[in-house]
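Novice: Using mature numbering (1 follows the signal peptide of the UniProt record, and there is no 0), the letters of the sequence shown correspond one by one to residues -19 to -1, 1 to 208.
Sharing a structure with you now.
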Amino acid sequence: MKFSLLMCLTLVISGHVFACKDSVVLVHGNSASIDSWDNSYQLLLENGYSSENIYRPDWGSKSCAACNDHSGSEEVPVKAAITAAIANSCSGKIDVITHSMGGTLAAQQIVLLNAAGSVDTFVGIAGAFRGLWSCGVYPFNVWSPTCGASGLSVQSPFLQQLYGQVLADKVYSIKSNIDQVVCATGVCSVSGLHTSRIWSEDNSFTYALGHFGLQSETAELQLSLIQ
């Protein structure tokens, strides 16, 4: 269903009143699937969001995590989801919730689409916005696409270009100090800040959860941040 911005803030369908809500884009992490958002997706449905306005782009190789980066085929589904979400949003705004590498991938597409003005809230969960020490420091990085020039090595050209870009009206990060992926080397911070923190963010939340628990066990917080 495609909504018009000229429509009222409520829609009456089959005798029920549905409040106009931003479209939501849920971007999974490296080699994950849309099923990783099951808890968040179900909670959104239970709180008045329509399945037609929740977008879960499925990107990247599932069998070769080290093959995925931020250049090429990985971009296509995320770009399409953000574009469709904006076009079909009854409010004209969208909310973007991301996990792990999905955070930097979604951020890149928002910038390339010049879509920050249409993003009300950006939530980055367990991201590596400042790079991964496990990938090394560019150009002395681990030899793989994920850690390369278009990947998550510390000071990679990709991250250098992304840093400081405006992503949304409101920006939040959700992180952990026991994240087995982001903190795989035992160090979570880059240049004195946790790598999951996003520049110019409005707030950051820390939980004693692992990399995947941060996504699946914070659904209520995610919902509260976009309302």
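All C-beta atoms, glycine included, are put in the ideal place defined by N, C-alpha and C.
Since the model is a prediction, treat every value here as computed from it, not as a measurement.
Between residue 198 and residue 20, what straight-line distance do the alpha-carbon atoms span, to the nearest angstrom?
Specialist: Approximately 8 Å, taken between the alpha carbons.
Novice: Could you check the C-alpha separation between residue 78 and residue 137 for me, to the nearest Å?
Specialist: Rounded to the nearest angstrom, the two C-alpha atoms are 24 Å apart.
Novice: If you run the structure through DSSP and keep just helix, strand and coil, what is residue 84?
Specialist: In this structure, residue 84 counts as helix in the three-state DSSP scheme.
Novice: Can you tell me where the beta strand (DSSP E) with residue 153 in it begins and where it stops?
Specialist: It spans 151 to 156 - the beta strand (DSSP E) in which residue 153 sits, taken as one unbroken run.
Novice: Do three or more CB pairs link the stretch 64 to 80 to the stretch 123 to 134 at distances below 8 Å?
Specialist: In short, these stretches do not touch, since the Cβ pair count stays below three.
Novice: Give me the Cβ distance between residue 80 and residue 131, rounded to the nearest whole Å; I'm assuming they're in contact under 8 Å.
Specialist: Their Cβ separation, rounded to whole angstroms, is 19 Å, which puts residue 80 and residue 131 out of contact at 8 Å.
Novice: By alpha-carbon positions, which one of 178, 25, 170, 73 ends up nearest to residue 97?
Specialist: When only C-alpha atoms are compared, the closest one is 73.
Novice: Exposed or buried, residue 160, counting other C-beta atoms within 10 Å across all chains shown (16 or more means buried)?
Specialist: So residue 160 counts as buried.
Novice: In its own chain, which residues sit with a C-beta less than 6 Å from the C-beta of residue 156, not counting the 5 before and 5 after it?
Specialist: 175, 177, 187, listed in sequence order.
Novice: Rounded to whole angstroms, how far is the Cβ of residue 110 from the Cβ of residue 127, which I believe are closer than 8 Å?
Specialist: Not a contact, Cβ separation roughly 15 Å.
Novice: Where do the ends of the alpha helix (DSSP H) carrying residue 139 lie?
Specialist: Where residue 139 is concerned, the enclosing alpha helix (DSSP H) stretches over 138 to 143.
Novice: On the criterion of 16 or more Cβ atoms from any shown chain inside 10 Å, does residue 225 qualify as buried, or is it exposed?
Specialist: It is not possible to answer for residue 225, since the shown part of the chain is limited to -19 through 208.
Novice: Can you tell me whether DSSP reads residue 49 as helix, strand or coil?
Specialist: Three-state result, residue 49: coil.
Novice: Flag this pair as yes or no: are the beta carbons of residue 207 and residue 16 separated by less than 8 Å?
Specialist: No, the Cβ-Cβ distance between residue 207 and residue 16 is not below 8 Å.
Novice: Who pairs with residue 105 in a beta bridge, going by DSSP?
Specialist: Paired residue(s): 79, 154.
Novice: Find out if the Cβ-Cβ distance for the pair residue 152, residue 101 is shorter than 8 Å.
Specialist: Taking 8 Å as the Cβ cut-off, residue 152 and residue 101 do not qualify as a contacting pair.
Novice: Counting C-beta neighbours from all protein chains within 10 Å, is the total for residue 62 16 or more, i.e. buried, or is it exposed?
Specialist: That one is buried.
Novice: What's the C-alpha gap between residue 139 and residue 133?
Specialist: Looking at the two C-alpha atoms, the distance is approximately 8 Å.
Novice: Please check the pair residue 99 and residue 46, which I expect to be a contact at CB under 8 Å, by giving their CB distance rounded to whole angstroms.
Specialist: Incorrect: roughly 30 Å between the Cβ atoms, too far for contact.
Novice: So, is residue -7 buried or exposed, given that buried needs 16 or more other C-beta atoms within 10 angstroms?
Specialist: With a pLDDT of only 42 at residue -7, under 50, the local geometry of the prediction cannot be trusted, and the value read off the model is given with reservation. Its Cβ having fewer than 16 others within 10 Å, residue -7 is exposed.
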